[in-house]
Each structure stands twice: as C-alpha cells, then as structure tokens.
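Chemist: Residue numbers (our numbering), protein chains in the order written: chain G, 20 to 222; chain E, 20 to 222. The structure that follows is given in the form of structure tokens.
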C-alpha cells in the first residue's frame, strides 16, 4: 500500500510555521515526501464549531503561560531562533492561502510557502495588506502579478474551499494537522508520533 | 541541585489513570521517585476557570473522535488493555482524594492509589458511593474504617484544599500534571518529554 503524508496548513497559525520548520528534517530522515495542502483555518473553525486555543483559553488562568512555555521548549528542542510575535495577529490569510493553492505544482511552490511563513512569523508583517504581500513576493523573486491575479480566479477560490471541506470530512478540526494516508495527527506536539508512524509504515 | 518529580492527580481523570499506568516504567528507567500529590480537579477548574476537554469540546466536530483515537494510540503504545469507560463519569472524587491525602506516607499508600484508579477505570465503579468505596477498600485489604473516618478530619480536608491551591499557584490548570522541580508538564502526551527532562537533569 502506498504512503501519502500531508500537512494541512494555514500561514496564520504560528504552530503551522513551527511545524514547517521541523518537517524538512522528518522528510529527510524518512525519505518520504510531505505534501503541503493549503486550507483555511477560519473555514475549518466555522465548519467544526472550533476556536483558536488563544480564544478558547483566554480566560483560563495559567494556560497561556503554559502554552508559551511549551512553545519555548519546542524552539529550544529544534534550535529555532527566528520566531517573532506577529503584532497584526490574527491576520486574515485568505489571499495568501489562495496563492498557496495556485502555487501547488509550480516549480516555485516551496519558495512561496517558505516566503509566506517567514513574512508572517519571522518578520511579523501585516500580510492581510495586499501591497505588503506584493512587496514580499517581489523581494523573494516570485511572480507577483501572476500570483495576485490568480488569487481572484474562481477555480482557485473554489479549490481552497474544497481543500478545507475535504480536510474536515477526513476528520480535521484545526491546524497544524498531518495525515498519514487517512490517519490524522493534530498539533506540533504530534510531530514525533507522525515520524514514528511513517517509519512503522515503511516497515 | 536536588530533583523532585511530582504527579498531581485526581482519580476522576481517565488520563490520570493512563499516566499512572506509565509512570512506574519511567521511575524504573530513570531511578527517580515520583511523588503522587492528590489534588481536586474540580477545585483546580474552579480556581483557573478551566473545564474538562469533554465539556470544552462537546460541540466541536471531529474533536472527540480524534481524542478517542489518541487514547487508543496511547493504549497500544503502552500495551494497556484494561481501560473501561466509567458509566458514572463524571464521578465526584472528593472522598477518594481525601483518602489519598490521608494515605500519604502510609506503607499502604501505593496500594490505595492503585486500588482507586483500578476501581474507577478498570472496573468502572460508582466511587461517589461510600458503600462502594468501603467494599473496594475491604476487597483490597486496606483499613476501611480508618480511611473513611480520616476523610472527615478537618486537617485532611484542609490538606486537599491546600494541595489544590498550591498546584494552581505553581502554574497548574488541570490533571494529569507533572512537575520536575518547578517545571510543569501537562497531559499524558507529555510523559515522554517529562522523562527526557528528568534524564537531562540527572546529567
């Protein structure tokens, strides 16, 4: 049976960024390709009646401090030093995610994904601002006009809607989420279990 | 610097039971004693404005199914076959937890803890019923009258209140929770990180 590993992501999630920083090493160690599937986290939340942990636990004593400590542990474990708090959070990422849909299969797909994650979580830019997006794309040498035009195409918009609905139909309720075939792993804390599952299936 | 590892638990939590099943192997591998600290989960929730995941995510599509899958993965990983759904859940555990406070330091402390976890999560008994508790204690050869009398002592009651308040003051917001000195690890999913932290500190 063939093995397909997917990462369902939205650039708006810092935990998706942190997962993105660790996935290349997992791909390298296991030799498995990890397919990046753009989804709209807001759409998933709406479809599942879920909320971000920040909203969910806003009024819970100690919980935010603990989550911050867990983030710090993750950064230290993986030697990540670039994460910044994005002052514009939460950022409406719909245009970025439509761009990600359009990027799929292009030879600059990986560049696009990495550039957007960095703009959000290393530079802390306001990526809901289309002029800012255009500047970031240009600086990265990506095809600015082609991408921004594509984010207005009905088929691109529909594909993002479909990706999001498919993800929920397969059991997802948030991001970052990972699938090993139809087995869901949720959250950056499950990256180790994800890797072990891949290794077990490769047998 | 000395190393102190604590498990803050309430018999009412199935995830505390599952942690209890795995902790002996961690103690054995690391050579570290793990101190069991009885706390009242309801008291922690009240003090921190937190709720059980079951309540929190009751209306979230896919989330309960995913949690069930994660429980199954945990059972398989650790070879645990005895977990049952307790039909009386959620059970008021205040008497059991007072008994656990009284048990601290007694030579039958470990027996008491194991007996209560099994009654809750292997036998699925209604442990809010004092007659049921007495039967379970008697079957285990534990001092029934001494324990049940002690659950009415003001100093036992106060110690459970203090344990719970201290736990929250140190950053806790639920159960199962673990402390390595003042470093909090929350949830059965963090048992691996807990063990690594113990090993790192033992150097």
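The C-beta atom is built at its ideal place from N, Cα and C for all residues, glycine as well.
Name the chain G residues that come within less than 9 Å of residue 207 of chain E, Cβ to Cβ?
Modeler: Within 9 Å Cβ-Cβ: nothing; residue 207 of chain E doesn't reach chain G, min ~12 Å.
Chemist: How far does the alpha helix (DSSP H) with residue 45 of chain E in it reach, from first residue to last?
Modeler: Unbroken alpha helix (DSSP H) run through residue 45 of chain E: 33 to 49.
Chemist: In angstroms with no decimal places, state the Cα-to-Cα distance between residue 28 of chain E and residue 183 of chain E.
Modeler: In a straight line, the C-alpha of residue 28 of chain E is about 10 Å away from that of residue 183 of chain E.
Chemist: Could you tell me whether any Cβ in chain G is nearer than 8 Å to the Cβ of residue 51 of chain E?
Modeler: Cβ-Cβ to chain G under 8 Å: no for residue 51 of chain E.
Chemist: Taking 8 Å as the threshold, find out whether the stretch 64 to 77 of chain G comes into contact with the stretch 47 to 61 of chain E through three or more Cβ pairs.
Modeler: Taking 8 Å as the limit for Cβ pairs, the verdict is that the stretch 47 to 61 of chain E does not touch the stretch 64 to 77 of chain G.
Chemist: Taking 8 Å as the threshold (C-beta atoms), are residue 214 of chain E and residue 45 of chain E in contact?
Modeler: In contact: residue 45 of chain E and residue 214 of chain E (Cβ atoms closer than 8 Å).
Chemist: CA-CA distance, residue 112 of chain E and residue 171 of chain G?
Modeler: Looking at the two C-alpha atoms, the distance is approximately 57 Å.
Chemist: Just to confirm, are residue 127 of chain G and residue 149 of chain G a CB contact at a threshold of 8 Å?
Modeler: Not in contact: residue 127 of chain G and residue 149 of chain G (Cβ atoms no closer than 8 Å).
Chemist: Taking the alpha helix (DSSP H) that residue 97 of chain E falls in, what are its first and last residues?
Modeler: From DSSP, the alpha helix (DSSP H) with residue 97 of chain E extends over 82 to 97.
Chemist: So, helix, strand or coil for residue 156 of chain E, using DSSP?
Modeler: The answer is helix: DSSP assigns residue 156 of chain E an H, G or I state.
Chemist: Going by DSSP, what residues sit across from residue 27 of chain G in a beta bridge?
Modeler: Answer is G/56 and G/196.
Chemist: Using only the alpha-carbon positions, how far apart do residue 221 of chain G and residue 199 of chain G sit?
Modeler: Their backbone Cα atoms lie some 11 Å apart in a straight line.
Chemist: Would residue 108 of chain G pass as a contact of residue 36 of chain G if the rule is Cβ separation under 8 Å?
Modeler: Cβ atoms of residue 108 of chain G and residue 36 of chain G: not closer than 8 Å.
Chemist: Which residues, taken in chain order from the stretch 186 to 199 of chain G, show a beta carbon closer than 8 Å to some beta carbon of chain E?
Modeler: Cβ contacts with chain E come from 187, 190, 191 and 192.
Chemist: Give me, in chain order, the residues of the same chain whose beta-carbon lies closer than 7 Å to that of residue 191 of chain G; leave out the 5 immediate sequence neighbours on both sides.
Modeler: Cβ within range, chain order: 27, 63 and 203.
Chemist: Contact defined as beta carbons within less than 8 Å: I believe residue 79 of chain G pairs with residue 69 of chain E. What is the distance between those atoms, to the nearest angstrom?
Modeler: Contact flag correct, Cβ pair sits at about 5 Å.
Chemist: Mind reading off the beta-carbon distance from residue 81 of chain E to residue 187 of chain G? Whole number of angstroms is fine, and I expect it under 8 Å.
Modeler: Contact holds; Cβ gap of about 7 Å.
Chemist: How about residue 35 of chain E: is its C-beta nearer than 8 Å to some C-beta of chain G?
Modeler: By this cut-off, residue 35 of chain E is not an interface position.
Chemist: What are the partner residues of residue 202 of chain E, as DSSP defines its beta bridges?
Modeler: DSSP, once it has assigned bridges, lists E/199 as partnering residue 202 of chain E.
Chemist: By the three-class DSSP mapping on this structure, what secondary structure does residue 142 of chain G have?
Modeler: Three-state DSSP puts residue 142 of chain G in coil, outside helix and strand.
Chemist: Quick check on residue 95 of chain E: buried or exposed, where buried means 16 or more other Cβ atoms within 10 Å of its Cβ?
Modeler: By the 10 Å Cβ count, residue 95 of chain E comes out exposed.
Chemist: Rounded to the nearest angstrom, what separates residue 129 of chain E and residue 205 of chain E at their Cα positions?
Modeler: One C-alpha to the other measures close to 22 Å.
Chemist: Going by C-alpha distance, which of G/120, G/155, G/194 and G/209 is nearest residue 181 of chain G?
Modeler: The option with the nearest alpha carbon to residue 181 of chain G is G/120.
Chemist: Where do the N-terminal and C-terminal ends of the alpha helix (DSSP H) with residue 72 of chain E fall, by residue?
Modeler: 72 to 75 is the extent of the alpha helix (DSSP H) around residue 72 of chain E.
Chemist: For a contact defined as C-beta to C-beta under 8 Å, what are the partners of residue 78 of chain E on chain G?
Modeler: Correct list: 68.
Chemist: Could you work out which residue in E/219, E/217, E/212 and E/218 is closest to residue 88 of chain G when comparing CA atoms only?
Modeler: Measuring from the Cα of residue 88 of chain G, the nearest candidate turns out to be E/212.
Chemist: Give the residues of chain G in contact with residue 81 of chain E, contact being defined as C-beta atoms less than 8 Å apart.
Modeler: Within 8 Å Cβ-Cβ: 67, 187, 190, 191 and 192.
Chemist: Can you check whether the C-beta of residue 75 of chain G is within less than 8 Å of a C-beta belonging to chain E?
Modeler: With 8 Å as the cut-off, residue 75 of chain G counts as an interface residue toward chain E.
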